[in-house]
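Each residue of the sequence shown is one higher than the last, beginning at 2 in my numbering.
Note sheet for the following structure.
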Amino acid sequence: MAEYQKKEINNFLMRKQHLSEETKGEDVLQVAKDIWGLHSTYASTPYLSLFNRVINFKKESLDRELLEKRLVKIRCIRKTVHIIPKENVSIGFLATKESIQVNSEKYYKFIGVTESEYEEVSKSILKLLQNRGMNTSEIKKELNTEVNLFPIINIMCDLGILVRGLSKAGWKSNSHTYYRIDEYLPNVNLNEYSQDDVRKILVSQYLASFGPVTITDISWWTGFSKTQVRKIVDDLNDLEYVTISEIGEHIISKNDLNKIKNVSENNNHNINLLPALDPYIMGYKDRDRYLDKEYFNYIFDRAGSGTTTIVNNGKIIGVWDFEGNPSPVVKIFIFEDQNISKEIEEKAREIGKFIYEKEVMVKRCEDMTP
């Protein structure tokens, strides 16, 4: 079994995730495919993830892919909203729908929406959205109802009845525009695959985007039990095992194993300021490869969700934040590699200008509250 150092694997994954300067992409859709999708729990996250991965990225480039329906917003992996390629909608939906739909049903009942209210209101929403899209406020105004629409619309999306479109309120807004999925994606068959097949496809796609990984990583990302994951891995034919020094055995595709052998050593600094829930940070349950344990509580909350991070050559070395009032500023807290602080400050200015569309101040912090 081949053995690799953490630095070698980090270098390989930076390239695979389009996070190294030489592997940044030019096409938003292709980059989204290569990393499987973009976390979209926070509206700004997919834009900031692409800013780090696409040459001269503009916000309207992602908007265009959403408007032209080549990329689609659905709740899927880890029960969170993602922007994924249209070709993967049925895969993401089918592979995760059981746990997601159970949660959505519990939620709307907990809020106090009755079965009869759901049936009545959901039918009215479907009729209202014929041949058009509307946000929650617009729907509520048209229906003139006091019923809490959010949990109803939420489960209609999770059942594959509605779909989230581009917000009318800009790139930082989670006020989705909702459409009937049968009109929005008429050629997408949500029942295209069997449950067994779709799980195998999803695990294969995950390995292609994030490998090398552990069984625990696969289970964390997909939501499948470790027993299910082990069976799927045993059934896949194109996998190998490698050892990452100080960590242990990992699973990798044969194709990626050949690529790792050809990745040259990187002696330069490769700095990224990644947003909260960026795919690179959230793709793994086992985080020892890219984060020293003493800093874990700076990065992850109890649910395992990651904050904004400063990454150098694939390793987290700090955190950052931004605020616009009274004047735009990007704050940085570096807990490793202080010697490259000037380079980090320059990256902070670049992403700050992308966020606020003007020059920003950069503030060095001695600490940041986790």
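Glycine included, each C-beta is placed from N, C-alpha and C at the ideal position.
query: Just checking, does the stretch 24-38 make contact with the stretch 328-336 on the three C-beta pairs under 8 Å criterion?; result: no
query: Per the DSSP calculation, V330 is bridged to which residue(s)?; result: E324, M362
query: Less than 6 Å between C-beta atoms, sequence neighbours within five positions excluded: which residues of the same chain meet that for R181?; result: L130
query: Taking only the alpha-carbon atoms, compute the straight-line gap between K34 and F323 and give it to the nearest angstrom.; result: 28 Å
query: M2 and V243: beta carbons closer than 8 Å?; result: yes
query: Is S328 near K173, with beta carbons less than 8 Å apart?; result: no
query: Rounded to whole angstroms, what's the CA-CA distance from M15 to N298? Just pull it up for me.; result: 23 Å
query: CB S246 to CB G212, shorter than 8 Å?; result: no
query: Out of V122, V320, Y48, L30, point me to the one whose CA is closest to I300's CA.; result: V320
query: L127: which of Y109, L150, Y108, V114 sits nearest, CA to CA?; result: L150
query: Please classify E27: is it buried, with 16 or more other beta-carbons within 10 angstroms of its beta-carbon, or exposed?; result: exposed
query: Hey, how far is the Cα of I311 from the Cα of G284?; result: 16 Å
query: Per DSSP, what are the beta-bridge partners of L163 in this structure?; result: R181
query: According to DSSP, I153 sits in a beta bridge with which residue or residues?; result: Answer is none; I153 lacks a bridge partner.
query: Near K169, what residues of its chain come up, given a Cβ to Cβ distance below 8 Å and the 5 sequence neighbours on each side ignored?; result: N136, S176, T178
query: Beta-carbon within less than 7 Å of Y207's beta-carbon, same chain only, minus the 5 sequence neighbours each way: which residues are those?; result: W37, I219, W222, T223
query: If you compare alpha carbons, which of I352, E88, I345, M369 is closest to V361?; result: I352
query: Starting from T244 and walking both ways along the beta strand (DSSP E), at which residues does that stretch end?; result: 240-245
query: Would DSSP call T81 helix, strand or coil?; result: coil
query: Please specify which runs of the beta strand (DSSP E), each continuous and at least 3 residues long, are wholly inside the stretch 200-258, giving them in chain order.; result: 240-245, 249-254
query: By a C-beta neighbour count over all protein chains shown, 10 Å radius and 16 as the cutoff for buried, is H270 buried or exposed?; result: exposed
query: Are T308 and A349 touching if we call contact CB-CB under 8 Å?; result: no
query: Terminal residues of the continuous alpha helix (DSSP H) containing L63?; result: 60-68
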